[in-house]
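Input: a single structure, listed below in structure tokens.
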Amino acid sequence: MVGCTLYSALDLVDGYYQLLMRACDVPLTAVSTPSGMLWEWLVMPQGLSNEPTMFNRLVTQLFRPHRAYAQTYFDNIFVHSRAEHGKSDVENHVEHLRAVLECMRTNKLYGNLDKCIFGAEEIPFLGCFIGKRGLRADPAKVKVIVEWPRELRGNGSTIVESP
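Residue numbers (this note's numbering): 58 to 220.
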């Protein structure tokens, strides 16, 4: 991803609810409601211990053919592009996004448009930003550390209370 000039971040909406239960497992999810009705989950309910593993495996396998330009992390898909093969970075990025979105459509995965970022120079990820020059800390996340009194940054021999 380092050295690329355009980035997009796609967020899958309600990731675990996009995992369909196997037909033979649906009766095992049955619960009785207070009104006496029987409720069976057709999608994987949240709270199962194997959910993160199953969902991550699904997303990783589905997007494996696109891993040269699309990395996944649970319900996030990061698309990155640069100018190469005689095409501009924008042309490559549009091509890469189309391939990823087609994979999502084919496999009935839905994105949360409010959380998606398209065609940016850098994208946020786990408290950092990923961009052309690599990974950098989010300034908002390290603000307290940067503003920490100098006396407390040393070897611990001088303690001064901050106002």
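Glycine included, C-beta positions come from ideal geometry on N, C-alpha and C.
- Looking at the DSSP output, I134 bridges to L67, T129.
- Listed in chain order, the alpha helix (DSSP H) runs fully inside the stretch 93-169 are 108-119, 146-163, counting runs of at least 4 residues.
- G188 and E179 do touch by the CB rule: their CB atoms are close to 3 Å apart, below 8 Å.
- Going by beta carbons, A127 and V116 fall outside the 8 Å limit.
- Take N149, set aside five residues on each side of it, and the residues of its chain with a beta-carbon closer than 6 Å to its own are S138, in chain order.
- The three-state reading of DSSP puts R190 in coil, since its state is none of H, G, I, E or B.
- If you look at A80, you'll find it isn't in any beta strand (DSSP E); DSSP assigns it neither H nor E.
- A residue is called buried once 16 or more other Cβ atoms fall within 10 Å of its Cβ, and T90, having fewer, is exposed.
- Under the DSSP definition of a beta bridge, E179 partners with G188.
- Approximately 5 Å separates the beta-carbon atoms of Y64 and A177; this is inside 8 Å, confirming the contact.
- Cβ neighbours of D68 within its own chain (closer than 7 Å, five residues either side excluded): D132, N133, G168, N169, K172, C173.
- Between T86 and M78, the C-beta spacing is below 8 Å.
- In this structure, the beta-carbon distance from W98 to V83 falls below 8 Å.
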